[in-house]
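Presented below is the structure to which this report refers.
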Amino acid sequence: MTGDVIDYSPVVLRLDPPVATIVMRDHEGRNAIRPPLQRAMRRALATAAAEEDIRVVVVTGLPEVFCAGAARETLLGVEGGQKHDDYEPFARLFPRCPLPVITAMDGHAIGGGLVVGLYADIPVLSERSLYAANFLQYGMAPYIGTTHVIPSRLGEALGAEMILTGRSYRGSELRARGASVLVVPHDKVMSTAKALAHQVAKAPRRSLELVKAQLSARIMAATDTAMAAELGPHLDSAKLPVVRQLAASGYGPPTPASAMTTHVPGNGSRVLPAAGRAPSLDAGAAREIASGHAAHPADTRGPYMIEGR
1 MTGDVIDYSP
11 VVLRLDPPVA
21 TIVMRDHEGR
31 NAIRPPLQRA
41 MRRALATAAA
51 EEDIRVVVVT
61 GLPEVFCAGA
71 ARETLLGVEG
81 GQKHDDYEPF
91 ARLFPRCPLP
101 VITAMDGHAI
111 GGGLVVGLYA
121 DIPVLSERSL
131 YAANFLQYGM
141 APYIGTTHVI
151 PSRLGEALGA
161 EMILTGRSYR
171 GSELRARGAS
181 VLVVPHDKVM
191 STAKALAHQV
201 AKAPRRSLEL
211 VKAQLSARIM
221 AATDTAMAAE
231 LGPHLDSAKL
241 PVVRQLAASG
251 YGPPTPASAM
261 TTHVPGNGSR
271 VLPAAGRAPS
281 LDAGAAREIA
291 SGHAAHPADT
301 RGPYMIEGR
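Throughout the sequence shown, residue numbering follows full-length UniProt numbering, covering 1 to 309 in sequence.
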């Protein structure tokens with residue numbers, strides 16, 4: 001089993017006991033939350049948890065984007081009155097996993113993608129990547145436990161500010177403002193996540209399962225309450241005409257980019273070729289940087305250059 005790579009396209013699972021690594025790599029969809037990604041993530045997590053020698057799961061995304069949040073069709077579907085019953089189970093996949101989950105969020109995480117990453121037991125963020133709870137930029141009141149997860153992980157005042165302004169924050173700013181999650185240099189995100197995973201994996205698997213169940217019970221109960229309060233406002237706000245207008249005119253367009261590769265981390269890892277186009281930031285982040293209102297200027301030295309519109 002050591003070094004086994006299982007392709008659940010658009011997700012890849014690597015088994016390197018005691019750690020499993022899952023890579024979300026939907027290049028075409030920019031790791032937006034769509035049914036193929038949802039199904040693949042469920043299968044990969046179930047496979048990892050079923051392997052007796054695995055004790056910890058590390059989840060990462062594409063170099064440019066960890067997860068881009070809801071797909072355009074999801075936003076338009078909610079506006080049309082659809083509840084999207086499969087969206088909430090995906091958002092809380094990590095607390096439902098019986099093993100500890102660490103997210104290596106070296107790419108941007110936007111909207112629901114940020115919330116999904118923060119549902120992990122230990123999120124690891126990059127100093128230079130952008131993180132945004134941008135629901136209100138599209139006129140939507142958030143769902144999936146956002147009003148609990150973001151303030152509880154990042155701090156009450158900062159979390160409320162992120163949700164209400166919808167703007168993008170560099171990881172370095174979140175750290176400077178006291179966010180309780182771990183923020184490290186960009187090129188150290190995966191190595192930090194792996195080091196944490198191996199430290200956690202020193203404990204017996206059964207003990208980890210028992211503690212994980214306690215941690216998950218707390219966050220599931222809190223987000224059950226949050227989602228019960230969020231659902232009505234979420235559906236009501238989705239009926240506003242401006243939601244469809246914003247989704248149709250400016251929801252996460254693709255950014256041209258040079259060829260990329262996705263690495264499945266681990267000894268003897270394979271290189272998986274990228275396809276089509278690169279993931280892009282949400283419309284708000286692109287506008288923010290283009291207008292000069294970002295907390296830090298865009299870093300154009302690497303693959304994170306953002307084109308304004």
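C-beta: ideal position from N, C-alpha, C; glycine also.
> Does the Cβ of LYS212 have 16 or more other Cβ atoms within 10 Å, making it buried, or fewer, making it exposed?
Replying inline: As a first step, residue 212 must be located in the sequence shown, where it is residue number 212. LYS212 should be labelled buried.
> Roughly how many angstroms lie between the CA atoms of ILE150 and VAL115, to the nearest whole one?
Replying inline: As a first step, residue 150 must be located in the sequence shown, where it is residue number 150. As a first step, residue 115 must be located in the sequence shown, where it is residue number 115. Approximately 7 Å between the Cα atoms of the pair.
> Are there 16 or more other CB atoms within 10 angstroms of the CB of PRO35, so buried, or fewer, so exposed?
Replying inline: For this step, residue 35 is matched to residue 35 along the sequence shown. Classification of PRO35: exposed, given that the 10 Å Cβ count is below 16.
>> DSSP has GLY69 in a bridge; who is on the other side?
In response: Locating residue 69 in the sequence shown gives position 69, counting from the first residue. Per DSSP, ALA32.
> In chain order, what residues of the same chain lie with their CB nearer than 6 Å to the CB of THR223, ignoring the 5 residues before and after it?
Replying inline: One-based indexing of the sequence shown puts residue 223 at position 223. Same-chain partners within the cutoff: GLY145, HIS148.
> Just curious, the beta strand (DSSP E) that ILE22 is in, first and last residue?
Replying inline: Stepping through the sequence shown from its first residue, residue 22 is reached at position 22. Note, ILE22: beta strand (DSSP E), 19–24.
> Span of the beta strand (DSSP E) holding HIS186?
Replying inline: The residue you call residue 186 lines up with position 186 of the sequence shown. No beta strand (DSSP E) contains HIS186, which DSSP labels as neither H nor E.
> Name the DSSP beta bridge partners of VAL5, please?
Replying inline: Counting from one through the sequence shown, the residue named residue 5 turns up at place 5. For VAL5, which the question treats as bridged, DSSP gives the partners ARG14.
> Going by alpha carbons, who is nearest to MET41 out of VAL124, LEU93, SER237, ALA141?
Replying inline: As a position in the sequence shown, residue 41 is number 41, starting the count at 1. Answer by Cα proximity: LEU93.
> Which partner residues does ILE110 have in the DSSP bridge list?
Replying inline: Along the sequence shown, read from residue 1 onward, the residue named residue 110 stands at position 110. According to DSSP, ILE110 bridges with ALA132.
>> According to DSSP, simplified to helix, strand and coil, what is TYR119?
In response: Here residue 119 corresponds to residue number 119 of the sequence shown, with the count starting at 1. It is coil, neither helix nor strand.
> If you check the beta carbons only, do PHE135 and GLY107 fall under 8 Å apart?
Replying inline: To locate residue 135, count along the sequence shown from 1; it is residue 135. To locate residue 107, count along the sequence shown from 1; it is residue 107. No, the pair does not count as a contact, with Cβ atoms beyond the cut-off.
> Alpha carbon to alpha carbon, what distance is there between LEU240 and SER249?
Replying inline: The sequence position of residue 249 within the sequence shown is 249, counting from 1. The sequence position of residue 240 within the sequence shown is 240, counting from 1. So the two alpha carbons sit approximately 15 Å from each other.
>> Measuring alpha carbon to alpha carbon, tell me which residue in ALA229, ARG55, TYR87 is nearest GLU73.
In response: What you label residue 73 is simply residue 73 of the sequence shown in a count that begins at 1. Selected option, being the one with the closest Cα: TYR87.
>> Between THR60 and VAL23, how many whole angstroms is the CB-CB distance? I'm expecting something under 8 Å.
In response: Residue numbering aside, residue 60 sits at position 60 when the sequence shown is read from its first letter. Residue numbering aside, residue 23 sits at position 23 when the sequence shown is read from its first letter. The pair is a contact, with the Cβ atoms about 6 Å apart (cut-off 8 Å).
>> Going by DSSP in three states, LEU158 sits in which element: helix, strand or coil?
In response: Here residue 158 corresponds to residue number 158 of the sequence shown, with the count starting at 1. Reduced to three states, the DSSP call for LEU158 is helix.
> Is VAL169 helix, strand or coil when you go by DSSP?
Replying inline: Looking up residue 169 in the sequence shown gives position 169. The sequence given here places Tyr at residue 169; Val does not occur at that position. Residue state, collapsed to three classes: strand.
> Does DSSP put LEU125 in a helix, a strand or coil?
Replying inline: Along the sequence shown, one-based indexing puts residue 125 at 125. Correct three-state label for LEU125: strand.
>> Please classify ARG128 as buried or exposed, where buried requires at least 16 other C-beta atoms within 10 Å of its C-beta.
In response: Here residue 128 refers to the residue found at position 128 of the sequence shown. Buried: at least 16 other Cβ atoms inside 10 Å.
> Can PRO123 and VAL181 be called in contact, C-beta distance under 8 Å?
Replying inline: Counting from 1 along the sequence shown, the entry for residue 123 is found at position 123. Counting from 1 along the sequence shown, the entry for residue 181 is found at position 181. It is a contact, given that the beta carbons lie within the stated cut-off.
>> In whole angstroms, give me the CA-to-CA distance for LEU210 and SER126.
In response: The count along the sequence shown starts at 1 and reaches residue 210 at position 210. The count along the sequence shown starts at 1 and reaches residue 126 at position 126. Taking the straight line joining both Cα atoms gives about 30 Å.
> In terms of residues, what are the limits of the alpha helix (DSSP H) holding ALA222?
Replying inline: In the sequence shown, residue 222 corresponds to position 222, counting from 1. Residues 205–238.
> Under the three-state reduction of DSSP, which class applies to MET190: helix, strand or coil?
Replying inline: Here residue 190 refers to the residue found at position 190 of the sequence shown. MET190 falls in the helix class under three-state DSSP.
> What is the DSSP secondary structure of MET41, reduced to helix, strand or coil?
Replying inline: On the sequence shown, residue 41 is found 41 positions in, with the first residue counted as 1. Three-state DSSP puts MET41 in a helix.
> What whole-angstrom Cβ distance do VAL242 and GLY139 have, given they're in contact under 8 Å?
Replying inline: For this step, residue 242 is matched to residue 242 along the sequence shown. For this step, residue 139 is matched to residue 139 along the sequence shown. The pair is a contact, with the Cβ atoms about 5 Å apart (cut-off 8 Å).
> So, is GLU52 buried or exposed, given that buried needs 16 or more other C-beta atoms within 10 angstroms?
Replying inline: Position 52 of the sequence shown, counting from 1, holds the residue named residue 52. It is exposed - the Cβ of GLU52 has fewer than 16 other Cβ atoms within 10 Å.
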